[in-house]
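Position 31 of the sequence shown, counted from 1, bears residue number 18 in the numbering used here, the numbering being contiguous throughout. For glycine and all other residues, C-beta sits at the position ideal for the given N, C-alpha and C.
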Amino acid sequence: MSARAVTRADAGDDEPLAIVAGGAALKDALLTGLPRAIGVLAVVAVEAIIATIEKRRICLVLIDIRAGAPGSIELARTIKSTFPDVPVILTTDRPDFELAVAALRLGVDDLFTDPLDLERVVTRSVELLASAERRRAAAE
């Protein structure tokens, strides 16, 4: 798998894990802002994300869509159709109305455009994690 392990990512396989497909600033913000019980893994290859979701308890996926980056919106589509309970946040460098509409139709949980307010991204991530945990607890 083409991924870089980062702080708190080497927890046990049943520990919750957030995946970041994006830049170092986003990964570092999550490492600082997410609860300590949640690991953070920066994934380099888009294909590695699906493999990781199938093996680990993924609680959140952040995908950074850069102009011309192949497969990012398709990745969001695959995650939301295969793992509908996993929250997905997209970040992008292009404020594009068509992208926003496509993301909403896919069921993406939020979309942030550059310049990124990392504090807002982390706050929204924490909200989505809490909501997903409440749904999981209610289902048990």
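Check                                                                                            : Outcome
Selection from Gly58, Leu62, Asp51 and Arg123 that minimises the alpha carbon distance to Thr134 : The structure shown has nothing for residue 134, since the chain only spans -12 to 127.
Of the listed residues Gly94, Thr100 and Leu105, nearest to Thr65 (C-alpha basis)                : Gly94
Contact belief for Val30 with Ala8 at Cβ below 8 Å, rounded distance in angstroms                : 5 Å
Endpoints, alpha helix (DSSP H) assigned at Ile6                                                 : No alpha helix (DSSP H) holds Ile6; the beta strand (DSSP E) holding it covers Leu4 to Ala8.
Residue of Leu98, Pro82, Asp15 and Ala38 minimising C-alpha distance to Thr69                    : Ala38
Enclosing beta strand (DSSP E) for Phe99 [first to last residue]                                 : Asp97 to Thr100
Environment of Thr(-6) [buried if 16+ CB atoms lie within 10 Å]                                  : Reliability of the predicted coordinates at Thr(-6) is poor, the pLDDT of 43 falling under 50, and no value is obtained from them.
Distance between Ile6 and Ala32 (C-alpha atoms, nearest Å)                                       : 12 Å
Integer-rounded CB distance, given that Asp72 should sit under 8 Å from Ala119                   : 6 Å
Reference Val113, options Leu47, Lys42, Glu41 and Arg53, closest by Cα                           : Leu47
Val108 in three-state terms, based on DSSP                                                       : helix
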